[in-house]
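Input: a single structure, listed below in structure tokens.
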Amino acid sequence: MCYQPGKDINYFLNRLDQVMAAPFANYWNETSLKAIILGIFVYVIGMVMYVTSRKNYMPGQEFGTAVFADPKKVAKQFADKDEHNNLILSQNVRLSMNTRKTRRNLNVLVIGGSGAGKTLFMVKPNLLQLSRASQIITDPKGEILRCCGGMLKAHGYRIRVLNLVEMEQSNGYNPFRYIRSETDIVKLVTNLINNTTPKNAQPSDPFWEKAESLYLQAIFLYVWQECEMEKRNFRMVLQLLNEAEVHADGSPSDLDRRFRRLERKKGSNHPALIQYNKVVRGAGDTVRSIIISANARLGLLQNPQILRILDHDEMEIEEIGIGVDGDRNRKTALFCVTPDSDKSYAFLIGMLYSQIFQELYYQADFHYNGKLPINVNFMLDEFANVPLPDDYCSLLSTMRSRNISCTIFIQNLAQIKALFEKTWETIPGNCDSLVYLGGNEQSTHKYISESLGKGTIDKKSSGETKGRQGSSSRNYDVLGRELLTPDETRKLDNSECILLIRGCDPIIDKKYNTFAHSRFSETEDGGAAPYIHDRMAAQKQAVQILSEESLDYYKKKKEQGEDVQIVELSFDEIFSYEPIPKKIFSEEELKENQKKRTVEEVRPPKKTEKPVQTEEEKLSELLESHVYNEEQLGEIMLAIGAGISYDKILQMADTKNSAEKMKEIRKKFTKETASD
């Protein structure tokens, strides 16, 4: 079928019908080859034109795609249905505590100058949430504790306070309580030296610092391994330091004689002795300088109030991430109250934070399959003034998997650049959320502006030429522009904030209205009474009734060799006991006894004092003047409750008797009392 002269359209239509009726017949003729070649040529030309004319057009995106997101749409994506299981970031934006849902970590970097509202718009609202997390709060001046402490306690939180402003209201914190190995001693000494060395001090010969470290390690190891439990504290450390002397005639000091006795008793391979010998075998003047340096470093501890805090431990930081008594439910709020005008004792906060991280990681890795049952959130207000572990950047990048998070508060980026000169970008890099509340520091404005990105906008330009042959023109184009330039960032409205959440467009939203929170009335700002911390309330009862989870927790502690006594009683045994005599165990006397045990020194009764007259008074005096562990005290209380006579209890309460021995005696006396 091809063109032939003299044939009209009807011929071609008829011919087409014939071909369609028999499409596979042989229609080859002299023009078929030419038609095939022409078709191939046209196809090749068309493909070449298509390929060479392809362009990567991105209309409206030529210079960038940055736009501000709708806060409510972002909240819908990330918020939890349970309003109180969210982090509050702004008036409309919430971030669920369920990281599996959001696929974002809970680390938040909050940047805001002085007066921008870091405490009012971020700290307090998130405490009011009562989310499923224990809170560790850096609290300059104690404002947050006074405002929110009562509300947290009323809702079941256990309150613990390290108060360096009003030290008489502080709970006890004994770093030796959390030492498990010699490695922990090295960490504690290193942390102590780092946090008591001025940051801007001129570098000196590293020999002196290393020698001082060895000397302190020897002292700390001796206290930890050789002293009784109640003497494992910094008071004993200072006592040993005071025993150290270098005599001109080479005669041994009291400390030298102490370590010689240790060598005779335990051998020359004792860890404390090894470190001690490395130091004292040097020249006399060198050893004297090391001793003076160590005493000068710990001189701040020669303060009765500080020693009272360090004598015993009430923080129980191992329970912060696993629940009070290991119940996996009750949360803790730990406030670190620091003076904003004096950093003399800031190193204590540094030691506490280092041991908290150490203990939380230990609990997660060795007891809870790598993840704590309760989320632990650090609210690090005035981050630049908090002494932190040297490896904090590394901790920040690994804590998410352990169910730990940080909310970091800084006034500007210059602060973290000064703290972490070479690794400061790790901080915002490991925080999936950034909240900018406003400020007046240039490098921060530039950083926020660059983080917001560039968008593409339409450009319209016009021109006019005047004259005899004048003309005018109008041109349309596109160009790129920052969402906010640095100067526009500086002029951010004081009621607004900027949010940057990983994987999302930036957000401008109103700061959260804290006054409208449903629990605001329970805080001091909302009209409630200010919280006054009672450190006496931190004392655990000698005898406790435990849940199944708590019982399992204490059984594990006992298996690990800790000082725990578990007494299992039937209901008949419990209800058969008589009431405990009020005179000995009234609330007032218990508090008075506790005060006597926490003063700087417990003085024994003078020999000239008149002897007590009754067995009951003898028992009271015995309980006041002797230190019992919880197991022993529990046995004494059970004996009193069983109605055993005071003279028999005095026999049982001999401090030489172990808790197991007391238990045997108590059972014997209980049977005798029942038969009488």
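If you're matching positions, the sequence shown starts at 35 in my numbering and goes up one per residue. Ideal Cβ placement from N, Cα and C applies to all residues, glycine included.
Alpha carbon to alpha carbon, how far is residue j from residue i? Give it in angstroms, no decimals.
i, j, result
"T172", "I408", "20 Å"
"F210", "E393", "13 Å"
"Y310", "L335", "22 Å"
"V313", "L430", "36 Å"
"V636", "L341", "In this prediction, V636 has a pLDDT of 41, which is less than 50 and means its spatial position is unreliable; what the coordinates show is noted afterwards. Their backbone Cα atoms lie some 13 Å apart in a straight line."
"R134", "W258", "42 Å"
"I678", "M696", "13 Å"
"I343", "Y396", "24 Å"
"Q666", "A687", "8 Å"
"T224", "A245", "12 Å"
"L585", "V601", "11 Å"
"C181", "T523", "32 Å"
"N208", "K106", "47 Å"
"T153", "D415", "8 Å"
"R49", "D492", "59 Å"
"E27", "L307", "Residue 27 is absent from the model: the chain starts at 35 and stops at 710."
"I566", "I683", "38 Å"
"I227", "R331", "8 Å"
"C116", "R192", "Note on residue identity: the sequence assigns Asp, not Cys, to residue 116. Taking the straight line joining both Cα atoms gives about 23 Å."
"L272", "F293", "16 Å"
"D42", "S507", "55 Å"
"M413", "P174", "12 Å"
"W62", "A55", "16 Å"
"T689", "S581", "31 Å"
"F619", "I674", "Only weak support is given to the placement of F619: the predicted model assigns it a pLDDT of 48, under 50, and the value that follows is read from those uncertain coordinates. Taking the straight line from one Cα to the other gives about 10 Å."
"M156", "T478", "19 Å"
"D681", "F703", "11 Å"
"I351", "R569", "16 Å"
"N132", "K590", "29 Å"
"D239", "M671", "57 Å"
"G473", "Y481", "12 Å"
Under the DSSP definition of a beta bridge, which residues are partnered with residue i?
i, result
"N509", "S495"
"E516", "K488"
"V157", "Per DSSP, none; premise fails for V157."
"N411", "Q169 and S439"
"S130", "N120"
"E715", "The structure shown does not extend to residue 715, since the chain spans only 35 to 710, so no value can be given for it."
"V420", "In DSSP, V420 forms no bridge with anything."
"A367", "Q169 and I193"
"G472", "G146"
"T372", "P174"
"I535", "S467"
How is residue i classed by DSSP in three states: helix, strand or coil?
i, result
"T99", "strand"
"T441", "strand"
"S215", "coil"
"S435", "helix"
"D688", "coil"
"C261", "coil"
"R266", "coil"
"D542", "Position check: residue 542 holds Ile in this sequence, whereas Asp was assumed. It is a strand residue."
"A282", "coil"
"F293", "helix"
"P711", "A question about residue 711 goes unanswered here, because the residues of the chain that appear run from 35 up to 710."
"E530", "strand"
"S584", "helix"
"S327", "helix"
Since residue i and residue j are thought to touch, with beta carbons under 8 Å apart, how far apart are those beta carbons, to the nearest angstrom?
i, j, result
"G360", "Y587", "3 Å"
"L368", "R194", "5 Å"
"A100", "G504", "The Cβ separation is near 41 Å, so there is no contact."
"L534", "L468", "4 Å"
"L274", "P305", "With 8 Å as the limit, L274 and P305 do not qualify as a contact, their Cβ atoms being about 15 Å apart."
"Q445", "G147", "5 Å"
"A562", "S555", "7 Å"
"G357", "V410", "About 11 Å separates the two Cβ atoms, so there is no contact after all."
"A113", "S130", "6 Å"
"M385", "L222", "7 Å"
Any heavy atom of the ligand GDP inside 7 Å of the beta-carbon of residue i?
i, result
"A328", "Ligands in the displayed structure: none, and consequently the ligand GDP is not present."
How about the stretch 461 to 477 and the stretch 128 to 147: do they share at least three Cβ pairs that are nearer than 8 Å? yes
With a threshold of 8 Å, are at least 3 pairs of Cβ atoms found where one atom belongs to the stretch 437 to 449 and the other to the stretch 200 to 215? no
If contact is defined by three or more beta carbon pairs under 8 Å, each pair taking one atom from either stretch, is the stretch 450 to 457 in contact with the stretch 370 to 382? no
Just checking, does the stretch 87 to 103 make contact with the stretch 510 to 527 on the three C-beta pairs under 8 Å criterion? yes
Three-pair Cβ contact test at 8 Å for the stretch 163 to 170 versus the stretch 530 to 544: In this structure the stretch 163 to 170 does not touch the stretch 530 to 544; the number of beta carbon pairs closer than 8 Å is below three.
Give a yes or no on contact between the stretch 314 to 333 and the stretch 278 to 287, applying the rule of three or more CB pairs nearer than 8 Å. yes
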